[in-house]
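Q: Those protein sequences? They're chains Z and C, same order as listed.
Going by the numbering used here, the first sequence opens with residue 1, and the numbers climb by one from there.
Going by the numbering used here, the second sequence opens with residue 1001, and the numbers climb by one from there.
Number of protein chains: 2
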Amino acid sequence: MSTRCFCRSLQKLFLRGPATRVARLCNSLVISDEKRQCTPVFLQSRNFTNESKGVNNFSQRSHSCGEFRPSHIGEEVKICGWVQYKRLMFLIVRDWSGTVQVLLPESMLGVLKDLPFESVVEITGIVHARKDGEINQEMETGEIEIQAKSIKVLNFCQEKLPINLNVNADETNEMQRMKYRYLDLRSEQLQFNLRLRSVMVMKMREFLHSYGFVDVDTPTLFRRTPGGAREFLVPSNYPGRFYSLPQSPQQFKQLLMVGGMDRYFQIAKCYRDEGSKPDRQPEFTQVDIELSFTTQEDVRNLIENMILQSWPSFKEQITLPFPSMTYHEAMVQYGCDKPDTRYNMKLHTVDDLMLDCGIQKIEDNMKRAGAHCVALVVPQGSMFSRKEIENLHIDQKFILVKIGKSGEFKANTNKFKSNTMQRLSSELKVQEGDLMIIVCGEGYVPYEVSGKIRTKAASLLEAKGVKFIPDNQFNFLWIVDFPLFLPAESGEGLESAHHPFTAPHPEDEKYLKTDPLEIRSQHYDLVLNGAEIGGGSIRIHDADTQRYVFENILQEDAGQLQHLIDALSYGCPPHGGIALGLERMLAVICGANSIRDVIAFPKTVEGRDSMSGAPTEISEDELAKYHIQVAPRKTTEE
Amino acid sequence: MSTRCFCRSLQKLFLRGPATRVARLCNSLVISDEKRQCTPVFLQSRNFTNESKGVNNFSQRSHSCGEFRPSHIGEEVKICGWVQYKRLMFLIVRDWSGTVQVLLPESMLGVLKDLPFESVVEITGIVHARKDGEINQEMETGEIEIQAKSIKVLNFCQEKLPINLNVNADETNEMQRMKYRYLDLRSEQLQFNLRLRSVMVMKMREFLHSYGFVDVDTPTLFRRTPGGAREFLVPSNYPGRFYSLPQSPQQFKQLLMVGGMDRYFQIAKCYRDEGSKPDRQPEFTQVDIELSFTTQEDVRNLIENMILQSWPSFKEQITLPFPSMTYHEAMVQYGCDKPDTRYNMKLHTVDDLMLDCGIQKIEDNMKRAGAHCVALVVPQGSMFSRKEIENLHIDQKFILVKIGKSGEFKANTNKFKSNTMQRLSSELKVQEGDLMIIVCGEGYVPYEVSGKIRTKAASLLEAKGVKFIPDNQFNFLWIVDFPLFLPAESGEGLESAHHPFTAPHPEDEKYLKTDPLEIRSQHYDLVLNGAEIGGGSIRIHDADTQRYVFENILQEDAGQLQHLIDALSYGCPPHGGIALGLERMLAVICGANSIRDVIAFPKTVEGRDSMSGAPTEISEDELAKYHIQVAPRKTTEE
């Protein structure tokens, strides 16, 4: 068999192994190309044999597998890597950077015979050009091969891997992949995602450092936040006393501003104990930023520039400034505070048109203060089956109108006046095949309902092959002017829409003592393709206002936050900041289904580590050392 | 009062406020001077008024207080900061970068009247040159002053600060400083230490990134390590099951190597639950590094270069390579495995000389196998008082000889033969005023005892004004060839000298099944000025060896680490790494007394947060949500 045939038969393998894309990533994403290319003076002075080794310094290899090009022909090289494939006298060796073909002489074929895939080898040899007919254009290193002079097995792979590293295989076998995460990490996708994460974070750090931000580590063993029901507890050496793993460094970042640190950032580990939620992890990472003497606009500007600076060059480029929208606009146009603006399909307020629609109940409803009718037109939605429509959570009370050929209407109620339909369809510019949904309700309710239908309908259209959401497009969006307070979920009193440290909008401060629900906050959320990837605010810097908010508006026990109120009273500068959810942002950028795909060792949805079995049982004796014991399970009677 | 007089009276204040040293630090340590000096293209395009604002971008100020120089004269500027001092029509405003003098017009003196120190102000004005006689050479901005056009009080400091920000004051009042840490952060020392920490870590990151290291976040909610008595527990959602906060990412870094990540680093938060130890914190930071296909020498070379690259330019420069010493050499020469080599005072093995010393007990002892006599000469030690000698923990069994005028000896025993003394003093080159201490014992014991005396004696000499340890000198030192196993502390069987993943020295592998105590490990420690600041090793990469070490040598339940042994069996590359104790290293570099001085919000020695009161009591109801309760206190009878 000629090498050419061999190559062709391997072609598919090369394309899917962690070779090409990761290699390309490394070429396009390295932090300091200059540094890698030219050896720093202090290394030259120590007589490294290869002055531009870079990623091969401090190791036993001379080159990485994926870096070979015709310029290397004639060089004697040493590579280390995994046996990705072998056949006859050929071997494909893989490392993080890609794959290379090795040709073994007759004398070494004995080694090859019993060498399992995924064993680890060290090979020395000479780089040779492949003959014209044997060049593999699909392989980054396809113009050369290494003729081995020695091969050493560094470690045998003792068993067949329990998972397939092929990126598109085994998708169903999530549990197995989680259990053998350390093998799944060899896959192209995870190598790519984790390396991208590392580089993007580094670029953010470079940006922040260059603007004078100080990277400060804040403690994770802290005191419980009032109402922090979702915090993990940590038993301490003091019987009955517990630390708490904070949900964010919020208090610390503000205290750093009191301390004159001026500009703070931290890639901070945060904790949230909330059991199983699909896109949540018990520990997650925040790009946490705070600065003094700043404004909303300054912070937004800062974050936009940081994201631009760290944006991967091989993704669709983004432009500044990011658009912004008030909370009210977002709710009315998209029915949610984190709209995906990659597609249009906006909501329409059709109050006037529906006042005389023929449906008594709606007409009655519309007479009430705060009632609204919201219409949503789903392009080509009339092809949805009854089942699909049910899955959109469309209530039978909603009005559904399918737009047939030449503008024919087919509604789910025959009371709907046809001239209302006419006017609606003309105003909303419906087209043949569209589905119109009309929802009536009070306040933001009909908008929120329609907004959920909008999102689901968009996914459904995509799933049905209607190209609706553009690929590789990144729509950042600021949402501003949130309400500062909301009626408490308990039904009594008020609660903070975000957190009690958020400053009121300067224009609305006057309502603080009279009408707190009217106050807009200085909070801002950053949304990317329909995911909330960050939020922040200008904070209250005045001790009296902070105390008033705690005690009089939120009716919390201010004693628990006395240290913060005290701090504000000793000359706290005006300040504000933001926290970006790093994993969420990366998941969108990587096109990952879950934030687990951008975390090296994630927990399952249930919060377990399937690899190690954590959390595990601890014996009573051991627990006694922590002054705790397991509480007896409550019976159902109790 | 002339401005000149005013300046002179303030001179002391300027020198001690967080002005000069921090400003100098910022000038010497900024990450990317080019970036700060020239505005990136994307900022220019957004029409910033001042194209080289850098640290003032994204804020309301035009300049930082400490940056004013004669080149600014004539500019209209806006500054924001704290009122450090005021008198008559003058105001000294401070921010992170330094201080500047502001001259207020008559019309604004009303504002000044009731303005407490440490209030926060925003001032606009014009930069003016000071008259020749009024220039303050001691002040970085002493050639100019700002003539105010407006002053706005951004926040009043409502009370006198409870601590003095003067760097040398209040040293005794540690508790108060910990409680008001957010104010202490305004002090020069903490501003300096935290900014230095941020910059050094950033430089390490830059170095590691440029050599292809991937920054990977590993989980901190993990499973309990076998024998990990010092780990914090975290109750989970599953009754009776607990996570553990790991002491280091050791397992994860090795699993990343199995996963083909090739080069990993993380500035990792680590946890250790060990109650009160003076220089320990329940949470601390490790510069955690691991790489594949490497050797001991490679790792040491890597770390040396990383430290060189991140070394502060204003500290005494260091040179590569760092010296290294075997564990045995360190023990025999310095009596400890982390010797401070900034001063000599080595130990001397004087076995032969003491065989016939006249003291029967020693002569008898020396006949036993493994017995040694160790002599230590403390220069000028004969001036120590009896009390001081007691404090050196010198046992009455040791021989003490004071060297008097013209070589006169004064020993604490008259049985000591004078010709032995003669020979000792000539061999050890003692001088007038020296103190010679001779300790006899078995194995390393007399060395360890003498080593402790050596360290204490050096501190005592320093305390007594004998300049003995050079200032601003940084002696890095590698310690290698540690034993792999030690007799277990429990008295039965063996335990790992460092951890069970450490690989044996290749030359000694043959003893694995026959004589494990003879095996040297591939562990290395990094020592700086007598503090252990890091340690690492080449790891076992072969599943069979790892299983053998667990099961046969350490007799641990290998089941608890089954995931790691499994991982090694699927083609694990040879690998090794290191972890540096970031706070310990920084404390030495900053000349800090405690690692608490390089941590923004440290815990007290007792593990408490005096600011917030953590750890706090949690109600039974709250604990029930975590499926735990406080264990009843054991009575003394039990």
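Beta carbons are placed, not taken as given, at the ideal position from N, Cα and C, and that holds for glycine.
Bear in mind that the values here come from a model prediction, so they are computed numbers and not experimental data.
Looking at chain Z, which residues of the stretch 1300 to 1320 of chain C have a Cβ within less than 8 Å of any of its Cβ atoms?
A: N1301, L1302, N1305, L1308, Q1309, L1320
Q: Using DSSP bridges, identify the partner residues of Q1147 of chain C.
A: Taking the first residue of the second sequence as position 1, residue 1147 of chain C is located at position 147. Per DSSP, C:L1103, C:I1126.
Q: Flag M1611 of chain C as yes if its beta-carbon sits less than 7 Å from any beta-carbon of chain Z, otherwise no.
A: Locating residue 1611 of chain C in the second sequence gives position 611, where the first residue counts as 1. Chain Z, which has a Cβ nearer than 7 Å to the Cβ of M1611 of chain C, makes this yes.
Q: From this set, C:P1070, C:N1155, C:N1136, C:P1249, which residue's C-alpha is nearest V1127 of chain C's C-alpha?
A: On the second sequence, position 127 is the one that residue 1127 of chain C refers to. It is C:P1070.
Q: In chain Z, which residues lie less than 7 Å from V1258 of chain C when you measure between Cβ atoms?
A: Position 258 of the second sequence, counted from the first residue, corresponds to residue 1258 of chain C. Neighbours of V1258 of chain C on chain Z, chain order: Y182.
Q: Would you call H1393 of chain C buried or exposed, if buried means 16 or more other Cβ atoms sit within 10 Å of its Cβ?
A: Residue mapping note: residue 1393 of chain C aligns to position 393 of the second sequence, counting from 1. Exposed is the call here.
Q: Please confirm whether V1121 of chain C has its beta-carbon closer than 7 Å to some beta-carbon of chain Z.
A: Mapped onto the second sequence, residue 1121 of chain C falls at position 121. Not one chain Z Cβ lies under 7 Å of V1121 of chain C.
Q: Taking C-alpha atoms, which residue in Z:N164, Z:Y85, Z:D434, Z:I599 lies nearest to D1215 of chain C?
A: The residue labelled residue 1215 of chain C in the question sits at position 215 within the second sequence. Among Z:N164, Z:Y85, Z:D434, Z:I599, the Cα nearest to that of D1215 of chain C is on Z:I599.
Q: Exposed or buried, N1056 of chain C, counting other C-beta atoms within 10 Å across all chains shown (16 or more means buried)?
A: The count along the second sequence starts at 1 and reaches residue 1056 of chain C at position 56. That one is buried.
Q: Sorted by chain position, which residues of the same chain lie with C-beta nearer than 8 Å to P1226 of chain C's C-beta, five sequence neighbours on each side aside?
A: Reading the second sequence from its first residue, position 226 is the one you call residue 1226 of chain C. Answer for P1226 of chain C: E1556, D1557, Q1560, L1561, listed in chain order.
Q: Measure from the alpha carbon of P1162 of chain C to the alpha carbon of each residue in C:M1175, C:L1154, C:I1151, C:V1153, then state which is nearest.
A: Counted from its first residue, the second sequence places residue 1162 of chain C at position 162. P1162 of chain C has its Cα closest to that of C:M1175, out of C:M1175, C:L1154, C:I1151, C:V1153.
Q: In whole angstroms, what separates the C-alpha of A169 of chain Z from that of G613 of chain Z?
A: As a working note, residue 169 of chain Z is residue 169 in the first sequence. As a working note, residue 613 of chain Z is residue 613 in the first sequence. Because the pLDDT of A169 of chain Z is 49, which lies under 50, any placement of that residue in the model is unreliable, and the question is left without a value.
Q: From the beta carbon of H575 of chain Z, is the nearest beta carbon of chain C less than 7 Å away?
A: What you label residue 575 of chain Z is simply residue 575 of the first sequence in a count that begins at 1. It does not: the Cβ of H575 of chain Z has no partner Cβ on chain C nearer than 7 Å.
Q: At the level of alpha carbons, what is the spacing between R454 of chain Z and K405 of chain Z?
A: Start at 1 with the first residue of the first sequence, and residue 454 of chain Z comes out as number 454. Start at 1 with the first residue of the first sequence, and residue 405 of chain Z comes out as number 405. Cα to Cα, the separation comes out at about 23 Å.
Q: Kindly indicate the opening and closing residues of the alpha helix (DSSP H) around E297 of chain Z.
A: Taking the first sequence and counting its residues from 1, the one referred to as residue 297 of chain Z is at position 297. Unbroken alpha helix (DSSP H) run through E297 of chain Z: 296 to 310.
Q: Quick one: measure Cβ to Cβ for G1491 of chain C and E1442 of chain C, integer angstroms, because I've assumed they're closer than 8 Å.
A: Here residue 1491 of chain C is taken as the residue at index 491 of the second sequence, counted from 1. Here residue 1442 of chain C is taken as the residue at index 442 of the second sequence, counted from 1. With 8 Å as the limit, G1491 of chain C and E1442 of chain C do not qualify as a contact, their Cβ atoms being about 17 Å apart.
Q: Select from the stretch 59 to 74 of chain Z all residues with a C-beta closer than 7 Å to any C-beta belonging to chain C, and list them in chain order.
A: S59, Q60, R61
Q: When you compare the CB of M394 of chain Z with every CB in chain C, is at least one pair closer than 7 Å?
A: Stepping through the first sequence from its first residue, residue 394 of chain Z is reached at position 394. Rather than Met, the amino acid found at residue 394 of chain Z in this sequence is Ile. Closer than 7 Å: no.
Q: Roughly how many angstroms separate the alpha carbons of G1335 of chain C and K1346 of chain C, rounded to a whole number?
A: By 1-based counting over the second sequence, the position of residue 1335 of chain C is 335. By 1-based counting over the second sequence, the position of residue 1346 of chain C is 346. Between G1335 of chain C and K1346 of chain C, the alpha-carbon positions lie close to 9 Å from each other.
Q: Alpha carbon to alpha carbon, how far is K1625 of chain C from L623 of chain Z? Give it in angstroms, no decimals.
A: As a position in the first sequence, residue 623 of chain Z is number 623, starting the count at 1. As a position in the second sequence, residue 1625 of chain C is number 625, starting the count at 1. Near 17 Å, if we compare the C-alpha coordinates of K1625 of chain C and L623 of chain Z.
Q: Can you list, in chain order, the residues of its chain whose CB lies under 6 Å from that of R230 of chain Z, leaving out five sequence neighbours each side?
A: Within the first sequence, the letter at position 230 stands for residue 230 of chain Z. These residues qualify, in order along the chain: R272, D273, E274.
Q: For a contact defined as C-beta to C-beta under 8 Å, what are the partners of Q1191 of chain C on chain Z?
A: The residue given as residue 1191 of chain C occupies position 191 in the second sequence. G260, M261, listed in chain order.
Q: Give the C-beta separation of V1153 of chain C and V1102 of chain C to the nearest angstrom, bearing in mind that I take them to be a contact with Cβ-Cβ under 8 Å.
A: What you label residue 1153 of chain C is simply residue 153 of the second sequence in a count that begins at 1. What you label residue 1102 of chain C is simply residue 102 of the second sequence in a count that begins at 1. The Cβ separation is near 13 Å, so there is no contact.
Q: Counting only beta-carbon separations shorter than 7 Å, does V1630 of chain C have a partner in chain Z?
A: For this step, residue 1630 of chain C is matched to residue 630 along the second sequence. By this cut-off, V1630 of chain C is an interface position.
Q: Along the chain, where does the alpha helix (DSSP H) containing L1486 of chain C start, and where does it finish?
A: Along the second sequence, read from residue 1 onward, the residue named residue 1486 of chain C stands at position 486. First-last for L1486 of chain C: 1485 to 1487, but that is the beta strand (DSSP E), not the alpha helix (DSSP H).
Q: Please classify K1603 of chain C: is it buried, with 16 or more other beta-carbons within 10 angstroms of its beta-carbon, or exposed?
A: The count along the second sequence starts at 1 and reaches residue 1603 of chain C at position 603. It counts as buried.
Q: Spell out whether any CB of chain C is found under 7 Å from the CB atom of V234 of chain Z.
A: Within the first sequence, the letter at position 234 stands for residue 234 of chain Z. It does: the Cβ of V234 of chain Z has a partner Cβ on chain C nearer than 7 Å.
Q: Could you check the C-alpha separation between F58 of chain Z and P1574 of chain C for me, to the nearest Å?
A: Against the first sequence, residue 58 of chain Z aligns to sequence position 58. Against the second sequence, residue 1574 of chain C aligns to sequence position 574. Distance between the alpha carbons of F58 of chain Z and P1574 of chain C is about 13 Å.
Q: Which word fits T1003 of chain C, buried or exposed, when buried means at least 16 other C-beta atoms lie within 10 angstroms of its C-beta?
A: Translated into positions along the second sequence, residue 1003 of chain C becomes position 3. A caution first: T1003 of chain C carries a pLDDT of 37, below 50, which makes its placement in the model too unreliable to give a value.
Q: Would you list the residues sitting across from S1244 of chain C in a DSSP beta bridge?
A: Reading the second sequence from its first residue, position 244 is the one you call residue 1244 of chain C. Partner(s): C:F1222, C:L1233.
Q: Using CA atoms only, rank isn't needed, just tell me which of C:L1526, C:L1308, C:R1300 is closest to V1201 of chain C.
A: As a working mapping, residue 1201 of chain C is identified with position 201 in the second sequence. That would be C:L1308, whose Cα lies nearest to the Cα of V1201 of chain C.
Q: In chain order, which continuous runs of the alpha helix (DSSP H) of length 4 or greater are located wholly inside the stretch 373 to 404 of chain Z?
A: 386 to 391
Q: Rounded to the nearest angstrom, what separates D1621 of chain C and H499 of chain Z at their Cα positions?
A: Here residue 1621 of chain C corresponds to residue number 621 of the second sequence, with the count starting at 1. Here residue 499 of chain Z corresponds to residue number 499 of the first sequence, with the count starting at 1. The alpha-carbon atoms of D1621 of chain C and H499 of chain Z are separated by roughly 24 Å.
Q: Please classify F1192 of chain C: does DSSP put it in a helix, a strand, or coil?
A: Reading the second sequence from its first residue, position 192 is the one you call residue 1192 of chain C. In the structure shown, F1192 of chain C adopts helical secondary structure according to DSSP, grouped into three states.
Q: Got a sec, what are the start and stop residues for the beta strand (DSSP E) Q422 of chain Z sits in?
A: Along the first sequence, one-based indexing puts residue 422 of chain Z at 422. Q422 of chain Z -> not in any beta strand (DSSP E); alpha helix (DSSP H) instead, spanning 418 to 427.
Q: Starting from the beta carbon of K1269 of chain C, find every residue of chain Z whose beta carbon is closer than 8 Å, and list them in chain order.
A: Within the second sequence, the letter at position 269 stands for residue 1269 of chain C. Chain Z residues near K1269 of chain C: D217, T220, K269.
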